[in-house]
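Colleague: Numbering (this note's numbering), first residue to last: 598 to 724.
All residues carry an ideal CB built from backbone N, CA and C; glycine is no exception.
1. Count the other CB atoms within 10 Å of the CB of residue 649; is the residue buried (16 or more) or exposed (fewer)?
2. Could you tell me which uninterrupted beta strand (DSSP E) segments, each at least 3 residues in length, are contained entirely in the stretch 600-639, listed from first to last along the chain?
3. Which residues does DSSP pair with residue 720 in a beta bridge?
4. Residue 660 and residue 602: beta carbons closer than 7 angstroms?
5. Under 6 angstroms: does the beta carbon of residue 608 sit that close to some heavy atom of the ligand MN?
6. List the residues that DSSP assigns as beta-bridge partners of residue 680.
7. Cβ atoms of residue 637 and residue 677: under 7 angstroms apart, would you say?
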């Protein structure tokens, strides 16, 4: 999880939604772990190796373009889940940084919810 996303989630109050599992917060500043929340300032490759060496299956990245692009630029993401909330914004934070390279995706699942939210799951397209 990106540090800015982590801080935003904390600002909502209440219990941290991922308190039941190990959560790694990407940060440029070293900080001690707080329970199952670990602050990490190393390379994305090393973090994935560290997590994969432990029991468990799926790893998900939650955050904005800075956090996601650390992994995307190295081809370390095997699935993208994009949630579309039915609200038009006048401005916002980009989901991905600008890139001169295209990253084609293949739609593998689309789920709609009564709230109007649509969740799309993509995998990188093999070219």
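Modeller: On the basis of the coordinates in this document:
1. exposed
2. 620-623 and 634-637
3. 703
4. yes
5. Judged by which ligands are present, the structure shown has none, so any question about the ligand MN falls away.
6. 716
7. no
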